[in-house]
Every structure is written in C-alpha cells, then in structure tokens.
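Q:
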DNA sequence: TTGTAAGCGTTATCAG
DNA sequence: CTGATAACGCTTACAA
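Chains as they are written, first to last, in full-length UniProt numbering: chain A, 1 to 348; chain B, 1 to 348.
1) Can you name the start and end residues of the alpha helix (DSSP H) that residue 269 of chain B belongs to?
2) Does the count of Cβ pairs from the stretch 328-345 of chain B and the stretch 275-287 of chain B closer than 8 Å reach three?
3) Here's a check: name, in chain order, each residue in its chain whose Cβ is nearer than 8 Å to the Cβ of residue 139 of chain A, leaving out the five neighbours to either side.
4) Could you check whether the Cβ of residue 90 of chain A sits closer than 8 Å to any Cβ belonging to chain B?
5) Hey, is residue 147 of chain A's beta-carbon within less than 8 Å of any beta-carbon in chain B?
6) Can you tell me which of the three DSSP states residue 94 of chain B falls into?
7) Would residue 279 of chain A be called buried (16 or more neighbouring beta carbons within 10 Å of its own) or exposed?
8) Quick one: does residue 202 of chain A have its CB under 8 Å from some CB of chain B?
9) Under a CB-based cut-off of 8 Å, is residue 77 of chain A close to chain B?
10) Can you list, in chain order, the residues of the stretch 145-172 of chain B whose Cβ is nearer than 9 Å to any Cβ on chain A?
11) From residue 133 of chain A to residue 33 of chain B, what does the alpha carbon distance come to, in whole angstroms?
12) Residue 75 of chain B to residue 200 of chain B, Cα distance in whole Å?
13) Which residues of chain A have a Cβ atom closer than 8 Å to the Cβ of residue 39 of chain B, listed in chain order?
14) Please determine, among A:13, A:297, A:314, the residue with the shortest C-alpha to C-alpha distance to residue 86 of chain B.
15) Where DSSP assigns a beta bridge to residue 192 of chain B, which residues make up the other side?
16) Could you check whether the stretch 163-176 of chain B touches the stretch 250-257 of chain B, counting it as contact only if at least three pairs of C-beta atoms, one from each stretch, sit closer than 8 Å?
17) Which of the residues in the stretch 40-58 of chain B, read from start to end, lie with their CB under 9 Å from any CB of chain A?
18) Could you please give me the residues that DSSP links to residue 296 of chain B through a beta bridge?
19) Which runs of the beta strand (DSSP E) spanning at least 3 residues fall entirely within the stretch 30-98 of chain B, listed in chain order?
20) Nearest CA to the CA of residue 239 of chain A: which residue from A:304, A:248, A:247, A:228?
21) In chain order, what residues of the same chain lie with their CB nearer than 7 Å to the CB of residue 220 of chain A, ignoring the 5 residues before and after it?
22) Could one say the Cβ of residue 176 of chain B lies closer than 8 Å to chain A's Cβ atoms, at least one of them?
23) Need the endpoints of the alpha helix (DSSP H) that residue 105 of chain A sits in, please.
24) Just the C-alpha distance for residue 215 of chain B and residue 222 of chain B, rounded to the nearest angstrom, thanks.
25) What does the alpha-carbon distance come out to for the pair residue 152 of chain A and residue 208 of chain A?
26) What are the uninterrupted segments assigned as beta strand (DSSP E) that are 3 or more residues long and contained completely in the stretch 135-205 of chain B, given in chain order?
27) Looking only at its own chain, which residues have a Cβ that is under 6 Å from the Cβ of residue 166 of chain B, when we skip the five neighbours before and after it?
28) List the endpoints of the continuous alpha helix (DSSP H) containing residue 129 of chain B.
29) Rounded to whole angstroms, what is the Cα-Cα separation between residue 288 of chain B and residue 194 of chain B?
30) For residue 66 of chain A, go through chain B and note every residue whose CB falls closer than 7 Å to its CB, in chain order.
31) Residue 287 of chain B CB to nearest chain A CB: under 8 Å?
32) Could you name the residues that DSSP lists as bridge partners for residue 254 of chain A?
33) Using a Cβ-Cβ cut-off of 8 Å, state whether residue 327 of chain A counts as contacting chain B.
34) What's the gap between the Cα of residue 58 of chain A and the Cα of residue 316 of chain A?
35) What three-state label does DSSP hand residue 223 of chain B in the structure shown?
36) Check the Cβ-Cβ distances between residue 13 of chain A and every residue of chain B, and say whether any is below 8 Å.
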C-alpha cells in the first residue's frame, strides 16, 4: 500500500498524507484522524527503497579503537566493523577509523579531539583507557553524538548501546573449567600479564569472577595464588618462566589473550599444567590446537564490531529499535571445536 | 557516481550505459569498451535504493521445516527465519512456512508437493527425513528452484548453500567433555532416544564421532556401552530408568536434545552421573541451570534459520556471493555461560 | 490548511 | 545500434 493509494482512499492529496506521517505542517483534526485510521487499518509500511532514494543521504560513523599488529586481539573487532561496512555501506553508512595506542593515554586524547572535530553521526568506542573514555563520553553527550561502547562497560549509561561481554562471569566460567580439570587439592595460579599502569577493569573483573567461583566451589580444597607480571621489565619472560616452573602447579588462569606466553613456556619446559585463558587470537589458536592451552574463553569480538555498526545502521538509516545492552555469549573453545570459531573474514 | 554522470563522460545517453551494464541489446564495440573503461575507472556501484525501487519486485521463499511444540528443538530455526523476515522483509523477501510431522513421511511428501505447486523463488529445507528429502532436492533442481539446506547435510551437492553443523565433530566434542569429567577407568553409556524408524544421520554421526574420540583418547581405560530406547514402547520411560539405575555408571551421552529425559531420572533418583547432550531447548535449560546436565552442545539453530533466509536475500535481492557451506560453531554450554546463549527473540 | 510537481538513480520500453 | 522517456514510491519546496 503506497502513500498515493492511501491518499485516494482518504480523498486527499499525497502531500497531506505525508504531513500526518511526518507530523510536519498543519492538518485539520478531522482529515488527520481519517488518515491515521486508514494508516492503521492497512498497516502502512513505507517502501524503504523509495525512502532511501528520496532522502539520498549518508551517515558517517567514527570508530575509535586500539591499533594492533596482525593477530592481536584488537584487530578482530575492527575486522567485524569492516565486514559490516561491506554489507551495509551500500545503504549509506560510512566509517572513519581512529586508531590509538592503548598504552599511551595521549594518543587516545588526540584521537578523541579528531573525532569531535569530524562531528560524525555516531561513534563506536572501545573504552580500554577507562578514565579518559568516560570523559570523552560526556563530550559526545554534550554534542548530542550517539555512541556505542564495545568490549567492556564503563561508568555511566548515556550511551546508545553497549555490545560486549560480562567479564565477571567470564572469570567464573574460567574457574569452572580449571577447577574441573585439576585434582581436588590442587594448586592454581592466576597470572596477569600487563604492560601499562592503567586500571584495567576487564582484567580485574575476570579475576574477581574467578575468585567468586572458587569460593562457591567449596567442595574442593584448592590453593590459589595471584601473580602479576609486568612486561615493561626487561626480564619479564625469565620471571614468568620461574613462576611457571615452581613445584606442584596444577592449573594456571591468564585472564587475557596473553595466555600464549604461558603456553610457550609450558610447551618448552614440557610442564604438565592445565591452562585456561581468553580470546582466540592466532597465537592462542596454535596452542589450543596442540592441547597446551586447554580452554580459551571467547566473546565474539568480530561480532561485537559487526553489531556495533549494524546498530548504527538500524538507528540512523532504518530508524529501528535497538537493544541498549547486548552481552554476547562466552564461548568455550577447545581443541575439538576451535576450527569452527575462526572468524571467516575474506576482505578482498 | 551515477549512470547519468557516466553517460555524460562517455558522450552517450544513459540508455546505452544501461545496456552495457546489463549486457542487453546491442552496443557497438567501441562505445562499449569506452563505457566499460569508465565504469572500471570510477568503480561504479549501483545505488541499491534506486535499483530496488525501479525493479519493485519481491521474492517468495518456502520454508520446509518440522512442526514443533513450544520449547522443542525445531521451534528455534523457525524463529530465526521469522527474525530474518522482520529484518529483511522490507527488502522484498517473503516466506511461506510448510510444516511437516517429522515422524510421518507422508506429511513430508504432501508438503513437498505443495511447495512445488507454489513455485517459490527459493526453498529452505530441513532434511530430517533423509531419503525423501534427497528425492525432493532432485525435483527442485529440475525446476531450477535454488534451495538451502539447514541443520545437517544430505547426499548430493546441488544445493545453493548448506548451513548447519558438523555432527561427527559434535560427537567428538561431547566425548572430550565427558571423558575429562569421569574417572580414568569409568563406565560410559551412549543412550539414543528415538521415536521413529528413520535412519537419522545426525544421531549416527554424533555417535561415530563420540566413539572416534574414545578410541584416540587411549590414555584412559574406559568402558563404553551403546543403548537404544524406543519411545514408541509404552514403557520406555521405565526402561530408561532401569538403564540409568545400573551400577557404576560414571557418564552418559545422549546425542540429541532429548537429554532432559535422562536428566529427569538422574534428578529424581539422585544419581551421581555426568551427563552431556545436545541443544539448549527449555527442558535442557533448567537441568543445566541446576547442574544435572553438565554440558550441552549447541549449534546455533536460531542463527541457522536466520542465515538461511539472509542467504536468499543476498542471492536473490542483493546479487551477492554467498558461501556454499557454512558450519556453525559447536558451542559448549554449561551452567556458567548458559544465560548468554538464550536466543533473545522478541517477536511482537 | 491543502495540492502540485520536481527530483532521487535505476530499469525498461518504444521510437528513431 | 542509440536516445528519450515513463515509471517505481517517497520527500520536500512551493504555490494556492
């Protein structure tokens, strides 16, 4: 049913129908109600093609994400955004990437300034630099630029949508997997590998979740130790080796994608330790394949990127409702199912 | 860059450009090459809105899937298809559902006849009735109706695309999970619960995969027994109870969504048996939540349905390339991550 | 307050 | 072989 047909039914011109559809201009109460009734009755749905053609405009979304080498974690959400551009670009959604160094607060601040200058129609934000990201969100709010947060939540709820993971539950899940793989009186290490001072909320919440599970799994009598390794020390690898070589370790949890560093040591030293970590990046893939890493927990980073842009398509172009909070599933990945988790990205 | 602009550059009318774009009508070699060169140079991409508006046609896809009660497995792929209709319907994709009784070959044959009569632009087929489904595929091929197979593969490769699971690997994964949860010399049962005579390939392949893993995990000394339960016997539940109550069972694998029947028995009789099955249907959900079922393996049935229709959108409407085979990940679902696997379907 | 008409980019038809 | 033109359904500016 087209506007024209509706106009005929209502004995008005299509201009009048348009006015009630868009609530612009004045329409007499009587005709307005008549048209509304017909609209309701025929369940009018505008033709997206005609609408898109007539409007003929496009939107720019800024993606503010960490830069990354090939095979690193943050490469993946970006690939998801790029795949979305490939699918949705034809509908008038464009993306500008702004890459910052996640170990350099200054670079983040510089990029945020650039984004504000661009005045995009939307922003996709990876809030890894927590404090500054929160400040940036206030500025976006002030400029009335809608933004979507990916990966992990930050303080405040003035965002358009959040797409990411539940880090606490991720830690609980890791604990479940590790606890059920080690002896009842085993010794478990949590090893955090970091190379900056930032308060990393994701890491912190995973560790809290891990401990939470350990406390509730009281039928076991496990020994738990928490260890930090600082990559800025030149001898951090030797240090890590020493830690892993201690006697009687049954399991190790690395609450980040850096679990492959531990895997490498376990492999080289032929240690027999159950190992659980996060994220199916290439370096972890090979150790999963060989069984050195027992489980990796994934949170569909490629999907996160894709959905973030898709949400802007829905919001800006299709004027659809979107979910404010999307927690993607925590995938348990192990040797036997990893082959189907590799994101199939073929960007030509 | 529009056709009009290209026509200007080439000193021809836009009708001529259109002819070379669509390879229809005759165009002199010289002008054709000139236009082609410009098209290449400016990387011409047609405006999807204008195209959709001008073509103004819509496509009908027939979905041939098992009927189901609420909470049963086959409800979910249908919900995925419906969600896709909600998103893609506006672009001119319509779906007609044809539900058959998966325990009644006749009903399947009747539905296939109805589908052929409709002459749809595409078919989504759940090939649970293997033999007849294969025959139907030949008929579709003869009528040149493209079809997508969901869930599990059947013989032949004349389909447009397949979207489903690797059942063999699903069985291997189940074995891995069960083996790592039971004692080294434990006793494991595979219990198949069926209510028809059909040769169910999915079930068979899962069992084969399970055994394959058991053979390769030779460091354990496990006892394996394979048991069939026929739901057409009036006393099948009592029978199942007896089986589960045998002495010294450490683990049970039910290679289907019917694992909740075993869970119910384990719960009622307070047995201590590790339990692994398939599919996050409601009945399994509650037993996972309480920890009676240890792991369920899922294959994203909602996604399967969604992607099947999305593929037809890509193929019929957007004229995009589509993957011939999509194996969706085998998700490991357990108490600690199940809350994020529930498909969030709100069909208003 | 209401009607009219141009224009969005593509497709398809018809006349030259 | 080529050019001109109507049509698709909607938006928007302008005229009545």
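C-beta: ideal position from N, C-alpha, C; glycine also.
A: Considering the structure as presented:
1) Going by DSSP, residue 269 of chain B is part of no alpha helix (DSSP H) at all; its letter is neither H nor E.
2) yes
3) 112, 116
4) yes
5) no
6) strand
7) Result: buried.
8) no
9) no
10) 165, 166, 169, 170, 172
11) 53 Å
12) 19 Å
13) Residues of chain A passing the Cβ test: none, with the nearest at roughly 17 Å.
14) A:314
15) B:228
16) yes
17) Flagged, chain order: 45, 46, 47, 48, 49, 50, 51, 52, 53, 54, 55, 56.
18) B:277, B:333
19) 59-66
20) A:228
21) 179, 184
22) Among the CB atoms of chain A, one or more fall inside 8 Å of the CB of residue 176 of chain B.
23) If you look at residue 105 of chain A, you'll find it in the alpha helix (DSSP H) that goes 105-118.
24) Roughly 10 Å between the two C-alpha positions.
25) 15 Å
26) 147-151, 161-164, 187-194
27) Closer than 6 Å at Cβ, skipping near neighbours: 327.
28) Where residue 129 of chain B is concerned, there is no enclosing alpha helix (DSSP H), given that its DSSP letter is neither H nor E.
29) Roughly 22 Å separates the two Cα atoms.
30) Per Cβ cutoff of 7 Å: no residues; residue 66 of chain A is ~24 Å from chain B at best.
31) no
32) Under DSSP, residue 254 of chain A takes part in no beta bridge, so it has no partner.
33) Flagged as an interface residue toward chain B: residue 327 of chain A, by a C-beta distance shorter than 8 Å.
34) So the alpha carbons of these two residues sit roughly 9 Å apart.
35) strand
36) With 8 Å as the cut-off, residue 13 of chain A does not count as an interface residue toward chain B.
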